[in-house]
Every structure is written in structure tokens, then in C-alpha cells.
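Student:
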Amino acid sequence: IGNVLYSKNKLDQALEFYQQSLTFSEQFDSLNYKYVSITLWNIGNALLAQEKYTEAFSYQQKSLNMRETYDPLNYTQIASNFNSMGTIKYNDGKYDEALIHYQKALTIYENYCSSRPQDMIVCLSNIIMTLDNSGKSEETLNYRQQILAIQEKHPKSYKDIVSSLINIGHTKSSQAKLDDAIDYYSQAIVLLKEFDPTDHIQIAILFFWIATIRNDQRSFDRTIECLEQCLKIREASLSPGEEDITLILSCLSETQQARNQYQLSLTYEMKLFLIREKNLSPNHQNIAQSLSNIGKCYEHLNQFKTALEYYKRALVIYVQHPLSSIEQGTMEDNIDRLLTTLNNFEIQ
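Taking full-length UniProt numbering, the leading residue of the sequence shown gets 1, the next gets one more, and so forth.
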């Protein structure tokens, strides 16, 4: 009855039944250590749910002491005590103490409970979560790799493996191990394409992350390859005006400019402009941004008159937005510069 009430979050009533059960066992069945230890464990969990951390820890400690004394070979239950004690300390914000108990649970799982891989994954995940919240994310890599190794040895869901690959990729990226990060992201893409090729969003996101890393490495050709893959996927699953598509087009344009390929950049800017023109009001600031970017491309292509016209069109919009004074000033400078350049050509 107590467990049913607990599952329905009726914690006060559950605790009442657990306490009655404990009192009865202590009076009439005190040698049934296994049952008493389970009841103590249940009380500890219910108190944890009520955020009564000191009391919860006390009951978990009593349960652990009883198991270690009278049932020392019940490694699974002893590990569950340590895991629960770690969770109590974690919820109480005592991360160092939480790690001590999680590590004790992990040691037991590794040495005596190899047949319970999911319990080990839960424990490893708890350690990772605790390290993250205590500002020690750089120490999580080993535990993430242990989870991946278990998942690959005992495959339950490809999604779990994909998630682990992505998490390791993130950790590698944060450690500036960029090639390693790309490798893990790429492995995740391979799995998704094999088992769930319709998960367009996740595949596209992974390509975008790889593109971002390639861009940081100044490997612009590879950046463009990944962004093109990303764009192809998103265009197949989204309407043209979606924010994802406009972001990718913008990134492609910027990357081509980094390669000094302004003609190619212009192609993406024109495509982006047409999308914005169709979906935004005529005086929207993003329209002005597109006009400005197109003007920049034409200027670098030495088509100064065309560039001048786009800068002027951008300026007309920017002057309508008081908060765009910086952009307005930039357009005015661009226009003055091109007018001077064109005048010099005429004089010559």
C-alpha cells in the first residue's frame, strides 16, 4: 500500500504506512532484516521526495548499515543505498559528498554487478550531473566514455548511443579537442542515417556543429560542405522562410566571404534577401541587413554603382529605426566612400 501511495505522490500517507510496517517488523519480525532494510530504504526515498534531506539520509544510512551487517553479499541493494545517499546529498547541494557516495556505488557495480549495466549507467549519469553542477565538467569525459562503452556492449537503443556520442563530442569541443569532437559528431550522424534517416533536425544540427568547428579551424571548404549538407536537409523539411534556413544561408555567405569568394557569397545573399522580402515587412531591419550585405558583395566585385544603390536602399530603412543609428552611420560612410570612388573614376 505504501508503494502505491508513493507512486501517486501521496507522500504523507505513504510514510504513515511505511512507519507502521517498520514498527510492526521491529516488534514482531525483527530478524527479517531484508524486509526491514527495504522499509527503511522506502522511508528514505519518501523523505527525499519531501526534501527532508537530513532525515532521508539517516534512514538510508540505517538501511545500508543493516544490509552491510546482515546481507553483505547483496551488492545490488547496497549499491542502491549508496546511490540514494548520493542523490540526497546532490539535491541538498552538497556535491562533494554526493560524489563520494556515487563513487562507492559505482565501485560496487563495477566489481560485483556487471550483469546490471543499466544501473551502472544511471550511477555514471549521476556522477556526470554532479560534476557538471559543481563546475567540473572537464572531469566528465571518462564517465561519458564508460557509458558509451556499456551502451555499445549492451545495446538497448541506438538513440542512447547517439546521445552519448553527442555528449562526448560536446565535452571534446569544450576541451578544444576539435578533431575528436568532429569524429564523435560524425559517428552520431552515421548512426542516425542508418537507424532513423527521417530525424532531419538532429542530423542537420550535427552538420551545423561540425561546420562551426571547421570554421573555427579556418577550414572553410569543409565548413561549406557541412553547411550545404545542413541546408539541403532543412530545405527538404522546412518552408523557405524558416529561421534555420536563413541562418544557414547567412553562415554560407560569411564563409564564402572569408574565402574572398564574393560572387558565391552574393548568390547566398540574394537567396536570403528574396526569402526575407517575401516573409518580412518592407521596412524590416533584416531587409536592410540583406541590402547592406548585397551592397558589400558588389563593392568587393568592383561593381560600385550597383553597390551604391543597395547601400542607399538599406539606409532608407535604417533611418526609420532610431535604434539603428550605428548601422545608419555605417551606410552613410559606405555611400560617401563609393561616391568619392566614382567621382575619382569620372575625373580620370
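Cβ coordinates follow ideal geometry from the N, Cα and C atoms, glycine included.
(1) At which residue ranges does the segment 219-282 contain complete alpha helix (DSSP H) runs of 4 or more residues, listed in the order of the chain?
(2) Tell me whether the segment 149-156 and the segment 126-134 touch, counting them as touching only if at least three CB pairs, one residue from each stretch, are closer than 8 Å.
(3) By DSSP, does Val162 sit in helix, in strand, or in coil?
(4) Hey, would you say Ile294 sits closer than 9 Å to Ile275, going by beta carbons?
(5) According to DSSP, is Asn293 part of a helix, a strand, or is it coil?
(6) Is the Cβ-Cβ distance between Leu40 and Tyr53 less than 9 Å?
(7) Let me make sure I understand the geometry here. Which of Gln217, Phe220, Tyr185, Ser219 has the alpha-carbon closest to that of residue 349?
(8) Drop a sphere of 10 angstroms on the beta-carbon of Phe195, count the other beta-carbons inside from all chains shown, and report buried for 16 or more, exposed for fewer.
(9) What is the DSSP secondary structure of Thr54, counted as helix, strand or coil?
(10) Once the 5 residues before and after Ala98 are set aside, which same chain residues still bring their CB inside 6 Å of it?
(11) For Asn74, which of helix, strand or coil comes out of DSSP?
(12) Taking only runs that begin and end inside the segment 88-130, name each unbroken alpha helix (DSSP H) of 4 or more residues, in chain order.
(13) Can you tell me whether DSSP reads Pro322 as helix, strand or coil?
(14) From Arg214, Glu235, Phe82, Ile224, pick the residue whose C-alpha is nearest to that of Asn126; which is it?
(15) Look at the alpha carbon of Gln118 and the alpha carbon of Ile147, and state the distance between them as a whole number of angstroms.
(16) Can you tell me which of the three DSSP states Asn9 falls into?
(17) Anyone know if the C-beta pair for Leu22 and Gln13 falls short of 9 Å?
(18) Count the C-beta pairs between the segment 278-290 and the segment 300-308 that are closer than 8 Å, then say yes if the count reaches three, no if not.
(19) Between the alpha carbons of Ile121 and Asp96, how many angstroms are there, rounded?
(20) Whose CA, out of Tyr70, Thr171, Asn9, lies closest to the CA of Tyr33?
(21) How about Tyr311 and Leu291: are their beta carbons less than 9 Å apart?
(22) If you run the structure through DSSP and keep just helix, strand and coil, what is residue 362?
(23) With 16 other CB atoms within 10 Å as the buried threshold, where does Gln231 fall?
(24) Is Gly135 helix, strand or coil by DSSP?
(25) Do Tyr112 and Tyr143 have their C-beta atoms closer together than 9 Å?
(26) Taking the alpha carbon of Ser253 as the reference point, which residue from Gly135, Cys297, Glu242 has its own alpha carbon closest?
(27) Taking DSSP as the reference, what is the three-state secondary structure of Gln175?
(28) Given a cut-off of 9 Å on the beta-carbon distance, is the pair Lys172 and Asp180 in contact?
(29) For Ile43 and Ile78, which I take to be in contact (beta-carbon distance under 8 Å), what is that distance rounded to the nearest angstrom?
(30) How is the alpha helix (DSSP H) around Gln145 delimited, first residue to last?
(31) Considering only the beta carbon of each residue, do Leu11 and Ala56 sit closer than 9 Å?
(32) What is the rounded straight-line gap between the Cα of Ser324 and the Cα of Leu315?
(33) Within the same chain, show all residues whose beta-carbon is closer than 7 Å to that of Ser164, passing over the 5 residues directly before and after it, in chain order.
Tutor: Let me lay it out:
(1) 220-237, 243-258, 262-279
(2) no
(3) helix
(4) no
(5) helix
(6) no
(7) Nothing can be reported for residue 349, as the shown portion of the chain is limited to 1 through 348.
(8) exposed
(9) helix
(10) Gly86, Lys89, Tyr90, Thr130
(11) coil
(12) 95-112
(13) helix
(14) Phe82
(15) 9 Å
(16) coil
(17) no
(18) no
(19) 20 Å
(20) Tyr70
(21) yes
(22) Absent from the model: residue 362. The displayed extent of the chain is 1 to 348, so no value can be given.
(23) Looking at the sequence shown, residue 231 is not Gln but Leu. Per the 10 Å Cβ criterion, buried.
(24) coil
(25) no
(26) Cys297
(27) coil
(28) yes
(29) Wrong, their Cβ atoms sit about 17 Å apart, outside the cutoff.
(30) 141-153
(31) no
(32) 10 Å
(33) Arg144, Ile147, Leu148, Gln151
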